[in-house]
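Enquirer: Positions in the sequence shown are counted from 1; adding 83 to them yields our numbering.
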Amino acid sequence: MDKLTYNKLTESARIALDETTQEIADKILDKAYRNAVSKNTAEKEISLSDIIEAKEEILYKRTEITKQDSRRKRLSLMLSMSGALYAVFGIVFYLYQNKSFDTTKDLGLIIAAIGIMMSVVAFYYTQLISRKKIKVIEKDVQTERDYSEFEVVRRWQAIEKLGSELMRKEGISDNKSRSINFIIQFLSDSILDKDYSMYLRQVLMARNDVVHGGLKLSRFELENLTKKADLIIGELENKIKKH
Numbered sequence: 084m085d086k087l088t089y090n091k092l093t094e095s096a097r098i099a100l101d102e103t104t105q106e107i108a109d110k111i112l113d114k115a116y117r118n119a120v121s122k123n124t125a126e127k128e129i130s131l132s133d134i135i136e137a138k139e140e141i142l143y144k145r146t147e148i149t150k151q152d153s154r155r156k157r158l159s160l161m162l163s164m165s166g167a168l169y170a171v172f173g174i175v176f177y178l179y180q181n182k183s184f185d186t187t188k189d190l191g192l193i194i195a196a197i198g199i200m201m202s203v204v205a206f207y208y209t210q211l212i213s214r215k216k217i218k219v220i221e222k223d224v225q226t227e228r229d230y231s232e233f234e235v236v237r238r239w240q241a242i243e244k245l246g247s248e249l250m251r252k253e254g255i256s257d258n259k260s261r262s263i264n265f266i267i268q269f270l271s272d273s274i275l276d277k278d279y280s281m282y283l284r285q286v287l288m289a290r291n292d293v294v295h296g297g298l299k300l301s302r303f304e305l306e307n308l309t310k311k312a313d314l315i316i317g318e319l320e321n322k323i324k325k326h
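1) Three-state secondary structure (DSSP) at Asn123?
2) Are at least three pairs of beta-carbons, each pair with one atom in the stretch 265-278 and one in the stretch 242-254, less than 8 Å apart?
3) Measuring CB atoms only, is the stretch 103-112 touching the stretch 130-143, in the sense that at least three cross pairs come out at less than 8 Å?
4) Applying the criterion that 16 or more other CB atoms from any shown protein chain within 10 Å of the CB defines a buried residue, is Lys333 buried or exposed?
5) Any contact of the stretch 277-287 with the stretch 297-305, i.e. 3+ C-beta pairs under 8 Å?
6) Could you tell me how far apart the beta carbons of Val286 and Ala312 are, in whole angstroms, since I believe they sit closer than 8 Å?
7) Kindly indicate which three-state DSSP category Gly297 falls into: helix, strand or coil?
8) In the DSSP assignment, the alpha helix (DSSP H) including Arg302 goes from what residue to what residue?
9) Can you tell me the Cβ-Cβ gap for Ala115 and Ile98, rounded? I've got them flagged as a contact below 8 Å.
10) To the nearest angstrom, how far is it from the Cα of Glu106 to the Cα of Ala96?
11) With respect to the alpha helix (DSSP H) encompassing Lys138, which residues constitute its N-terminal and C-terminal limits?
12) Count the other CB atoms within 10 Å of the CB of Asn90; is the residue buried (16 or more) or exposed (fewer)?
13) Please list, in chain order, all residues of the same chain as Lys322 whose beta carbon is under 7 Å from its beta carbon, the five residues on each side excluded.
14) For Ala119, which residues from the same chain have a beta carbon less than 8 Å from its beta carbon, with the 5 sequence-adjacent residues on both sides left out?
15) Classify Ser262 as helix, strand or coil using the three-state DSSP reduction.
16) Please return the same chain residues whose Cβ sits closer than 8 Å to the Cβ of Ile316, not counting the five positions on each side in sequence.
17) Under 9 Å between the Cβ atoms of Glu232 and Leu314?
18) Give a yes or no on whether 9 Å exceeds the smallest Cβ distance from Arg97 to chain B.
19) Rounded to the nearest angstrom, what separates Arg117 and Leu319 at their Cα positions?
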């Protein structure tokens, strides 16, 4: 958080923000605990990967637009509008054929025509609102998808942090423990086995592609990479506990 911006808050605003922060933290903790329960690890520990997973589920919920349902709704509305228009034309044609207009006899037809015209106007209004709403949802989905892809970035940040902590525990200088290249080399050579070292490089490559190349990951790729990152995070946490 930007301290300069935070210091501009009034006392009441600061209290409200702190309460909100605590409320979100409590929700994340509760979700992390439930995640740990589902993995049968809650009695022993709630890991960093549980917190990261909970944070993503609470703060970065993903939504999907079901295009098929959208098409069905549009088709249904189109059929309704077509029926209404046919009814209007039928009423107009009836009045045209019976040129003598009797208010008493034909008033019901006029009222029906007005009602149908109102339905047509309501249809067009609904379509206009729906299009605007779909555009807003699509924009939100794009934003949420960006957040989803940054799950890899957030996990890499956790790996970096844990790797740096391990290096300091091993007595390696602060300068080296803050260098990504040294962290990768240290983890690959001294901490992780061959498979985990390969996972490490895969996660790093994906992280770089997301940050620098705007990479869009499929759901399968995202789940695969986050699973590998979580394995690394769990391994590093275990190593830290042993020190």
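The C-beta atom is built at its ideal place from N, Cα and C for all residues, glycine as well. Remember, it's a predicted structure, so these values are computed and weren't measured experimentally.
Expert: In short:
1) coil
2) yes
3) yes
4) Summary: the structure shown does not reach residue 333, with the chain confined to residues 84 through 326, and so no result is reported for it.
5) no
6) 5 Å
7) coil
8) 302-325
9) About 26 Å separates the Cβ atoms of Ala115 and Ile98, ruling out a contact at the 8 Å cut-off.
10) 15 Å
11) 131-142
12) exposed
13) Leu249, Ile274
14) Only Ala125, Glu128, Ile129, Ser130, Asp133 meet the Cβ criterion.
15) Note: Ser262 maps to coil in three-state DSSP.
16) Ser130, Leu131, Ser132, Ile135, Arg238, Ala241, Ile242, Leu245
17) no
18) Any reference to chain B falls outside this structure, which holds one protein chain only.
19) The alpha-carbon atoms of Arg117 and Leu319 are separated by roughly 22 Å.
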